[in-house]
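Visitor:
Protein chains: 2
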Amino acid sequence: MMLVVPEIIRKKRDGEKLSVDEIGGLIRSYIAGDIPDYQISALLMAIYFRGLDAEETGELTRAMMCSGELLTFDYLPESKVDKHSTGGVGDKTSLVIAPAVAACGLKVPMISGRGLGFTGGTLDKLEAIPGFQVRLDTHSIRQLIEKHGLALVGQTDNLVPADKRLYALRDVTATVESIPLIVASIMSKKLAEGIDALVLDVKTGHGAFMKTFDRARALAEALVDTGRQMGKRMAALITNMDQPLGNKVGNALEVEEVLAILRGEGPADLIELCRLLSAYMLWLGRAVPTIEEGKDRYDRVIASGQALRKFRDLVSAQGGDPRVVDQPELLPRAGQSVYILSPAAGYVASIPAGVIGWAAVLLGAGRMTVQSAIDPAAGIIFFKKVGDSIEKGERLCELRFNSGISIEDVENSIRQAIQISPHPPLKGALVLDTIE
Amino acid sequence: MMLVVPEIIRKKRDGEKLSVDEIGGLIRSYIAGDIPDYQISALLMAIYFRGLDAEETGELTRAMMCSGELLTFDYLPESKVDKHSTGGVGDKTSLVIAPAVAACGLKVPMISGRGLGFTGGTLDKLEAIPGFQVRLDTHSIRQLIEKHGLALVGQTDNLVPADKRLYALRDVTATVESIPLIVASIMSKKLAEGIDALVLDVKTGHGAFMKTFDRARALAEALVDTGRQMGKRMAALITNMDQPLGNKVGNALEVEEVLAILRGEGPADLIELCRLLSAYMLWLGRAVPTIEEGKDRYDRVIASGQALRKFRDLVSAQGGDPRVVDQPELLPRAGQSVYILSPAAGYVASIPAGVIGWAAVLLGAGRMTVQSAIDPAAGIIFFKKVGDSIEKGERLCELRFNSGISIEDVENSIRQAIQISPHPPLKGALVLDTIE
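As given, the protein sequences belong to chains A and C, one line each in that order. In the working numbering, each number is its position in the first sequence, counted from 1, plus 55. In the working numbering, each number is its position in the second sequence, counted from 1, plus 55.
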């Protein structure tokens, strides 16, 4: 098929539907170097304005997915399931869920990314464990799945090259915030993992990419629809990201909190979400007939220590120091610490997750740009969450950091952002909606 | 000023207004090679959807205009005036108007373009005159204006380089059809000529870029507004381009028709438009107090032979063979000829200009792509125009061409396009509206 690229751009510009051949041909030719960036960026902007319908989004996803290597574990009888979060602050659920679900007998080929801006990344958290390797080749990933039932790794170089190219272009042409383009980016990578089922955790609120519930719901529906078009079992939770998830933000600190959760301890919001997401994965993976029984299975592998053992085995198998699991004090620890105290008695009314995420970046826990180095030890520990009562002068949170940080700026930004109210705030639900 | 290009693209994408510094900085940085094509093409698509207001359009025009050399004839006391047409089929008015207005004592520094697709170009018509040179440097253009009062030339390499870059990018990214971008492209080039006043001939209809009157009127208003922002005297005519202008289409054939008009002969529609455009130029150039007196001045320089003499002098000054002016048979003449006869008696109801323009391209008179060579002798002569009565078997038109043309295809496309009706058609006006 001969592609006339300006005519394809014009069609989308004028709100017409692109054909399967046009979308597939565009992606193949772009990756082959036969279409220049400037035509693709114009098309991306036309898509920003005109959108893609469900069929076009599915075809874009398929074409991107097929631009590189595809993993498959079809030769294993167990269901292959995964979870994807659209990104938040303090969201360390992947590190709990993957071993818990694998401990229940399913296969979890979880390919994750790094943090950028105010959102953290699973790979950065894992690398806080001394020795842990996230860059594995396909053969090693396959061995981990076969032997341990899970892998917590980064994208291989051959996986979905079209997304790497397109994302870099979107980032510099103001075309990131387009639901069909977000869907194709997420789903092309997840579907290339060779999974049967996927649970989505679509975050909404101050510390999320989707600031409003309506946008989050629209994204969740499009993600679920695209996965189902390809025969995958799909579900989505829309969850609140107005305040950070759990009590700890920062890579080593979050691993500490993961270990607490795997021992059956830890903060209530994080327990609730890990339990629910695991239950959905078990249900979609047909390990249990109902969500409720999924929660029970999760509780049992936590109580029995099987989930913790699975995590220890994985750390060891991916080159990390397994002693960390029982001695979290072996994790990197920051040299300096500052407490932020409450300026008044009352109730914590707001801990804006976006501000906290950026404060963590300033402490060294995150990245301004993809090139930035991060400090695994840096981060923030919260002693109070929204709705908790607090005395004047009581500890709100602790900042952990190493030298070279202008700590007053970070302190000021957090002090200005956290609100203390004389009255208890209306506390919203953590899970706002579900798509099953 | 530090430009954050993705943020500027986002602003325009979200319908916000760009500042003078942002627009100026973008164009300067783009031409300097500091902004890649893929960011500019995304911005152009955002402009396609969101538009530019009058101030932004003016600033884009100014920034593009200032990207290269600016001509000026400020040291000459006479008004410097020009005419620009948005392009049509059989529109050879420039070759009549420029010498007529120069014969009235004004200066006409007319920089024109080549034909592309179904529209013809002034430079191609001029090059049908043996020896005629259109590629002149600034010094030579200056000498022509000083000595003869007119120049009929192509763009110099240094004139408005930003438009060359932007137009090439728009052409391959489906961002040509945006009124503010069309305005900036036209006006940056015209204003770089050093003119005081400009008459616009905005074509609408089947053989025009603007297919509807409303779009043509919107373009005309934006062009006039942008010129006035820069202190220029401006007027626009909106003229019908449903059928070709005059009786001849094709480069040497159109020069023949120009010579007829300059001798006071030729078809009525072409006389009407040349007379009116000249009158507007004379009026804007303050050579006459009213349009009506402008028409009289035009009539006098035609009747006296001064306009023809001015054209002969110009041909000679630009290297062409001046004998052509009195012996049109010295123009290139095609070796083959086919007549198309009327299939019925009645009235000519329609000669769709777009089809005729493409038929002329197929005969060799125009270009499919900017690289194509053209045959100056090829073209079409009409013996009847819309509204004329015709007998069955009477000649409708003649096709002139050289060997290597699949003439049956051209004949068929014209036969199918021209409509003969038993009743006289309602004849529309040539000039549909004016902006003064």
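Quick reminder that beta carbons are idealized off the backbone N, C-alpha and C, glycines included. Computed from a predicted structure; not experimentally measured.
(1) Name the chain C residues that come within less than 8 Å of ALA153(A), Cβ to Cβ?
(2) Considering just the uninterrupted stretch of the alpha helix (DSSP H) at ARG220(C), what are its terminal residues?
(3) Any residues in the segment 90-120 of chain C with a beta carbon nearer than 9 Å to a beta carbon of chain A? Which ones, in chain order?
(4) Which residues in chain A sit within 9 Å of ARG378(C), going by Cβ to Cβ distance?
(5) Closest to GLN188(C) by C-alpha separation, out of GLN210(C), ALA334(C) and GLY172(C), would be which residue?
(6) Return helix, strand or coil for ASN213(A), following the three-state DSSP convention.
(7) Please name the residue in VAL279(A), ASP464(A), ILE473(A) and GLU311(A) whose C-alpha comes closest to that of ILE184(A).
(8) Which of the three DSSP states is assigned to ASN90(A) in this structure?
(9) Is ARG330(A) close to chain C? Criterion is C-beta to C-beta, closer than 8 Å.
(10) Looking at LYS258(C) and SER333(C), is the spacing between their C-beta atoms short of 8 Å?
(11) On the three-state DSSP scale, how would you describe ASN295(A)?
(12) Can the beta-carbon of SER96(C) be found less than 8 Å from the beta-carbon of SER96(A)?
(13) Mind checking which residues open and close the beta strand (DSSP E) that includes VAL136(C)?
(14) Residues of chain A with CB closer than 8 Å to the CB of ILE326(C), please, in chain order.
(15) Tell me the start and end of each unbroken alpha helix (DSSP H) in the segment 363-450 of chain A that is at least 4 residues and wholly inside, in chain order.
(16) Please classify ASP69(A): is it buried, with 16 or more other beta-carbons within 10 angstroms of its beta-carbon, or exposed?
(17) Count the other C-beta atoms from every protein chain shown that fall within 10 angstroms of the C-beta of GLU222(A), then say buried if there are 16 or more, exposed otherwise.
(18) Count the other CB atoms within 10 Å of the CB of ALA247(C); is the residue buried (16 or more) or exposed (fewer)?
(19) For a contact meaning CB atoms closer than 7 Å, what does THR174(C) contact in chain A?
(20) Taking DSSP as the reference, what is the three-state secondary structure of VAL231(C)?
(21) Identify the continuous beta strand (DSSP E) that holds SER167(C) and give its terminal residues.
(22) Excluding five sequence neighbours on each side, which residues of the same chain lie with their C-beta closer than 8 Å to the C-beta of ALA109(C)?
(23) Contact criterion: CB-CB distance below 8 Å. Does PRO235(C) meet it with respect to chain A?
(24) Using 8 Å as the threshold, is the segment 324-340 of chain A in touch with the segment 475-486 of chain A, meaning 3 or more CB pairs across them?
(25) Apart from the five residues on each side of it in sequence, which residues of its chain come closer than 8 Å, Cβ to Cβ, to GLU453(A)?
(26) Beta-carbon of ARG65(C) versus every beta-carbon of chain A: anything under 8 Å?
(27) Along the segment 209-235 of chain A, what residues have a CB closer than 8 Å to any CB found in chain C?
(28) Pick from PRO398(C), LEU81(C) and ARG455(C): whose alpha carbon is nearest that of CYS121(C)?
(29) For the beta strand (DSSP E) that contains GLN474(C), what are its first and last residues?
(30) Pull up the distance between the alpha-carbon of GLN426(A) and that of GLY168(A), whole angstroms please.
(31) Under 8 Å: do the segment 356-369 of chain A and the segment 140-155 of chain A share three or more Cβ pairs, one atom per stretch?
(32) By DSSP's criteria, ARG288(A) is part of a beta bridge. Which residues make up the other side?
(33) Should PRO132(A) go down as buried or exposed, given a rule of 16 or more other Cβ atoms within 10 Å for buried?
(34) To the nearest angstrom, report how far apart VAL379(A) and ILE316(A) are at their CA atoms.
(35) Can you tell which of LYS162(A), LEU150(A), VAL144(A) and VAL59(A) has its C-alpha closest to the C-alpha of VAL337(A)?
(36) What is the rounded straight-line gap between the Cα of LYS180(C) and the Cα of ILE234(C)?
Guide: So, from the listed chains and residues:
(1) As a position in the first sequence, residue 153(A) is number 98, starting the count at 1. Within 8 Å Cβ-Cβ: nothing; ALA153(A) doesn't reach chain C, min ~34 Å.
(2) Position 165 of the second sequence holds residue 220(C). Start and end: 216-226.
(3) Cβ contacts with chain A come from PRO91, ASP92, TYR93, GLN94, ILE95, SER96, ALA97, LEU98, LEU99, MET100, ALA101, TYR103, PHE104 and ARG105.
(4) In the second sequence, residue 378(C) corresponds to position 323, counting from 1. Those within 9 Å of ARG378(C) in chain A number zero; the least Cβ separation is about 45 Å.
(5) In the second sequence, the residue the question calls residue 188(C) occupies position 133. Here the closest residue by C-alpha is GLN210(C).
(6) In the first sequence, counting from the first residue as 1, residue 213(A) sits at position 158. In this structure, ASN213(A) counts as coil in the three-state DSSP scheme.
(7) Looking up residue 184(A) in the first sequence gives position 129. The residue with the shortest Cα to Cα distance from ILE184(A) is GLU311(A).
(8) On the first sequence, residue 90(A) is found 35 positions in, with the first residue counted as 1. The sequence given here has Ile at residue 90(A), not Asn. In the structure shown, ILE90(A) sits in coil (DSSP, three-state: anything other than H, G, I, E or B).
(9) In the first sequence, counting from the first residue as 1, residue 330(A) sits at position 275. It does not: the Cβ of ARG330(A) has no partner Cβ on chain C nearer than 8 Å.
(10) Translated into the one-based positions of the second sequence, residue 333(C) becomes position 278. Translated into the one-based positions of the second sequence, residue 258(C) becomes position 203. Against a cut-off of 8 Å, the Cβ pair of LYS258(C) and SER333(C) comes out as no contact.
(11) Against the first sequence, residue 295(A) aligns to sequence position 240. When DSSP states are grouped into helix, strand and coil, ASN295(A) belongs to the strand group.
(12) Along the second sequence, one-based indexing puts residue 96(C) at 41. Along the first sequence, one-based indexing puts residue 96(A) at 41. Yes, they are a contact pair.
(13) Counting from one through the second sequence, the residue named residue 136(C) turns up at place 81. Annotation for VAL136(C): the continuous beta strand (DSSP E) segment containing it runs 136-140.
(14) As a working note, residue 326(C) is residue 271 in the second sequence. Listed along chain A, no residue sits closer than 8 Å to ILE326(C) by beta-carbon distance, the nearest being about 39 Å off.
(15) Annotation: the segment 363-450 of chain A contains the following complete segments of the alpha helix (DSSP H) (minimum length 4 residues), in chain order: 408-418.
(16) Taking the first sequence and counting its residues from 1, one reaches residue 69(A) at position 14. Label assigned to ASP69(A): exposed.
(17) Residue 222(A) sits at position 167 when you count from the first residue of the first sequence. Note that residue 222(A) is Tyr in the sequence shown here, rather than Glu. By the neighbour-count rule (16 or more Cβ atoms within 10 Å), TYR222(A) is not buried but exposed.
(18) In the second sequence, residue 247(C) corresponds to position 192, counting from 1. Result: buried.
(19) Position 119 of the second sequence holds residue 174(C). Chain A residues near THR174(C): none, gap ~18 Å exceeds 7 Å.
(20) Stepping through the second sequence from its first residue, residue 231(C) is reached at position 176. In the structure shown, VAL231(C) falls within a coil segment according to DSSP collapsed to helix, strand and coil.
(21) Working through the second sequence from its first residue, we reach residue 167(C) at position 112. The continuous beta strand (DSSP E) containing SER167(C) extends over residues 163-167.
(22) Here the question's residue 109(C) lines up with position 54 in the second sequence. These residues qualify, in order along the chain: ALA277, ASP280, THR281 and GLN284.
(23) Working through the second sequence from its first residue, we reach residue 235(C) at position 180. Taking Cβ atoms only, chain A never reaches closer than 8 Å to PRO235(C), which makes this a no.
(24) Cβ pair count under 8 Å is three or more, so yes.
(25) On the first sequence, residue 453(A) is found 398 positions in, with the first residue counted as 1. So the qualifying residues of the chain are SER392, VAL393, TYR394, ILE395, ILE435, ILE436 and PHE438.
(26) Working through the second sequence from its first residue, we reach residue 65(C) at position 10. The beta carbon of ARG65(C) falls within 8 Å of a beta carbon belonging to chain A, placing the residue at that interface.
(27) Along the segment 209-235 of chain A, going in chain order, the ones with a CB nearer than 8 Å to a CB of chain C are LEU224, ASP226, VAL227, THR228, ALA229 and THR230.
(28) Reading the second sequence from its first residue, position 66 is the one you call residue 121(C). Comparing Cα positions, the closest option is LEU81(C).
(29) Against the second sequence, residue 474(C) aligns to sequence position 419. 474-476 is the span of the beta strand (DSSP E), which, as asked, contains GLN474(C).
(30) Along the first sequence, read from residue 1 onward, the residue named residue 426(A) stands at position 371. Along the first sequence, read from residue 1 onward, the residue named residue 168(A) stands at position 113. Spanning the two alpha carbons is a distance of roughly 14 Å.
(31) Pairwise C-beta distances place the segment 356-369 of chain A in contact with the segment 140-155 of chain A, as three or more of them are shorter than 8 Å.
(32) Against the first sequence, residue 288(A) aligns to sequence position 233. ALA252(A), per the DSSP bridge assignment.
(33) Translated into positions along the first sequence, residue 132(A) becomes position 77. Exposed, by the Cβ-count rule.
(34) Within the first sequence, the letter at position 324 stands for residue 379(A). Within the first sequence, the letter at position 261 stands for residue 316(A). Rounded to the nearest angstrom, the gap between the Cα atoms of VAL379(A) and ILE316(A) is 15 Å.
(35) Here residue 337(A) is taken as the residue at index 282 of the first sequence, counted from 1. Just to set this straight, residue 337(A) is Leu in the shown sequence, not Val. Comparing C-alpha distances from LEU337(A) to each of LYS162(A), LEU150(A), VAL144(A) and VAL59(A) shows the shortest one belongs to LYS162(A).
(36) One-based indexing of the second sequence puts residue 180(C) at position 125. One-based indexing of the second sequence puts residue 234(C) at position 179. Taking the straight line from one Cα to the other gives about 27 Å.
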